[in-house]
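Residue numbers for the sequence shown, in numbering that gives the first Met the number 0: 0 to 502. Have a look at the structure below, then the notes.
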Amino acid sequence: MRVAILNPSFGDNFVRVARWAAKSRGRVQRHPEYLLTAAQVLLDRGHDVIFVEAAARNFTPAQSYDIVSNFDPDLLVIHATTPSIYNDIEQAKVIKGLTNCKVAFVGQHASGESENTFQIGQGVVDYILNGEYDFTLRDLADGMESSKILGMTWFDGNKVVYNPHRPPINVSELPFPAWQLIEPEWYPDGGKKFPFLTLITGRGCNNGCTFCRDPQIMYGYKLRNRSAQSVVDEMEYGLKTHPQIREIMFETDTFAADKAHVTEVCNEIMRRGIHKKISWSCNMRVDTDLEVLALMRKSNCRMLMTGFEFGYDDGLKAINKGGVSVDMARKYAFAANRLGFTIHGCFMIGAPGETKETAQKTIDFAKSLPLDTIQITGVATYPGTSLYRWAKENSFIRANDWREWLNAEKEQRTLLSYPQFSSQDIDEYIDKGLKEFYLRPKQMWKMFISIRSVGDFLRKLHGFKAFVDYFIKKITGASSKKVVNRTEKNILDQIAQTETVSL
């Protein structure tokens, strides 16, 4: 079968596969590793596949239409998001009219809102591949009878048919992502060494955070890790496919949840000498066993993207952050700092029960920790999560339409609004926190003296430009986009040419 996988554009710099689908404040892009894994599943079955990365490359819809229609697919696969769902359906409609192909939607929104997706996509969307879609897509492309494909919801011409769920798959059976279908340079990120690739070490999560989409909608509440050998094999595969990369980001939410797994991965990295060739970074929780940090650093783990979330225990409990405490977070941060990690802290404003006083506690907590960089967002509220259901039942969501999930600039829009702490209050404290953290002389000096190479300088310049662009729009309502875009390519090219591995 001829299959076109489209990651559709939705305005410049829209980040489609991130945890919050929007134009990010840091002007980053995310690799579509899940789509590319599914693409490789199809390639391994002998199907003819193209991948159109329209989001990261800022294609116009017309460019996507030309590429896909020239390929003339039998099946079009689109990763749909909550704020872009009408756009995604419209692009699918045009391509379907040009090629007469079938259309399948994948991703968190289509899985969490299948009935609504079919309703607004009537006559366009033929299939929704719910949750973990790799093998569901394989069965569909192989021509299996629709009624027998596990994990698929489909329209039979008269009604929507819900097939039985597909059990969690064995992640060891998955191929590596089809990295040959993309270029790493399409994915800028001021916090990572450039260019870089991402890597998923496992799927699922043992925790129950109320806001987090993937465990609730896509991959379940059981962590399924790949073997250490498979993880490091993929590191070598990434280096072979794109030898110019300078870093690999372990994008798994809970990479360090299993101490034995982390230990095996680190030892395998060192056994093969990969730590002498390339650095790696990962997502972390603060309840990680601190004994593994030294081994991670020894195997050249450079940066820890850490979910601190809130600076007070009641906020952590309000989102069911499983046994995590502020005291635990503080101990983790200082232990990681002593070992020389770069620490990026992820914080949120807008927990259930939030007030101005508690929001300030989170800001003050972030400032008290030895962090290199931070991000602050409003608490994400996505369909399919328990937080969304709770907020909707209590009329705490101020959006009435999926298009209202973003503002006019296609950036994150604060959706939660409480009687004691409005959406305007949440936005105010997000900006307040960013300015209080980054505009301290101590922090600016720390960031300056951390520059070790031209690549370090250029990464920080990329982040600074994004910071300035965001606040220019907040203050004036106008964008410095022309100024930013004029030098963006030159900066990224220079980073690629000058970056070195930090040992």
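Glycine included, C-beta positions come from ideal geometry on N, C-alpha and C. Note that the coordinates shown come from a computational prediction; the quantities given were computed from them, not determined experimentally.
Whether residue i touches residue j by CB criterion (8 Å)
i: Met347; j: Val378; result: yes
i: Asn129; j: Met151; result: yes
i: Trp401; j: Tyr85; result: yes
i: Arg137; j: Arg44; result: yes
i: Phe338; j: Leu292; result: Inspection of the sequence shows that residue 338 is occupied by Leu rather than by Phe. Yes, the pair counts as a contact, with Cβ atoms nearer than the cut-off.
i: Thr354; j: Phe309; result: no
i: Lys221; j: Pro174; result: no
i: Ala109; j: Thr116; result: yes
i: Thr357; j: Tyr311; result: yes
i: Lys101; j: Tyr64; result: no
i: Ala21; j: Pro60; result: no
i: Gly349; j: Gly189; result: no
i: Ala365; j: Gly432; result: yes
i: Arg15; j: Thr80; result: yes
i: Glu435; j: Ile318; result: no
i: Ile77; j: Leu5; result: yes
i: Thr372; j: Ile429; result: no
Integer Cβ distance of residue i from residue j, believed to fall under 8 Å
i: Ile342; j: Thr305; result: 6 Å
i: Ile49; j: Phe70; result: 5 Å
Burial state of residue i (16 or more Cβ within 10 Å)
i: Gln524; result: A question about residue 524 goes unanswered here, because the residues of the chain that appear run from 0 up to 502.
i: Ile119; result: exposed
i: His30; result: buried
i: Pro187; result: buried
i: Asn157; result: exposed
i: Asp155; result: exposed
i: Leu502; result: Since pLDDT at Leu502 reaches only 32, below the 50 mark, its modelled position is unreliable, and no value is offered.
i: Ser8; result: buried
i: Leu34; result: buried
i: Arg439; result: exposed
i: Phe333; result: exposed
i: Gly322; result: exposed
i: Glu392; result: exposed
i: Lys409; result: buried
i: Gln107; result: buried
i: Glu32; result: buried
i: Pro418; result: exposed
i: Ala390; result: buried
i: Phe13; result: buried
i: Ser367; result: exposed
i: Gly272; result: exposed
i: Gly142; result: exposed
i: Ser146; result: exposed
Same chain, Cβ closer than 7 Å to residue i, five either side skipped, listed in chain order
i: Lys481; result: At Lys481 the pLDDT is 45, less than 50, meaning the model places this residue with poor confidence and gives no usable figure here.
i: Ala335; result: Leu292, Leu303, Ile342
i: Met283; result: Ala255, Leu303, Met304, Thr305
i: Ser416; result: Phe395, Arg397, Ser422
i: Arg296; result: Leu338, Gly339, Phe340
i: Arg223; result: Pro167, Val170, Gly201, Arg202, Gly203
i: Val123; result: Ile88, Ala91, Lys92, Lys95, Val102
i: Thr135; result: Leu128, Ile148, Leu149, Gly150, Met151, Arg165
i: Pro351; result: Ala317
Sequence-distant residues of its chain with Cβ nearer than 6 Å to residue i (five each side left out)
i: Gly111; result: Ile216, Pro382, Gly383
i: Cys345; result: Gly306, Gln374
i: Gly219; result: Pro167, Gly203
i: Ser385; result: Thr209
i: Ser298; result: Cys265, Ile268, Met269, His274
i: Val159; result: Phe117
i: Leu405; result: Ala21, Pro82, Arg412
i: Ser113; result: Ile127, Thr152
Residues near residue i in its chain [Cβ-Cβ closer than 8 Å; skip 5 each side]
i: Ala140; result: Met0, Val2, Leu41, Arg44, His46, Leu74
i: Trp185; result: Gln28, Glu52, Ala55, Arg56
i: Thr36; result: Asp133, Leu173, Pro174, Phe175, Pro176, Ala177, Ile199
i: His503; result: What is shown of the chain runs 0 to 502, which leaves residue 503 out entirely.
i: Arg301; result: Lys192, Glu246, Ser278, Trp279, Ser280, Phe340, Thr341, Ser501
i: Ala227; result: His260, Glu263, Val264, Asn266, Glu267
i: His241; result: Trp178, Glu182, Pro183, Pro194, Leu196
Inset, instruction - For the region 258-269 and the region 223-234, state whether three or more C-beta atom pairs, one from each stretch, are separated by less than 8 Å. - result: yes
Inset, instruction - Evaluate the contact criterion for the region 281-291 versus the region 255-262: three or more CB pairs, one atom per stretch, below 8 Å. - result: yes
Inset, instruction - For the region 238-254 and the region 193-213, state whether three or more C-beta atom pairs, one from each stretch, are separated by less than 8 Å. - result: yes
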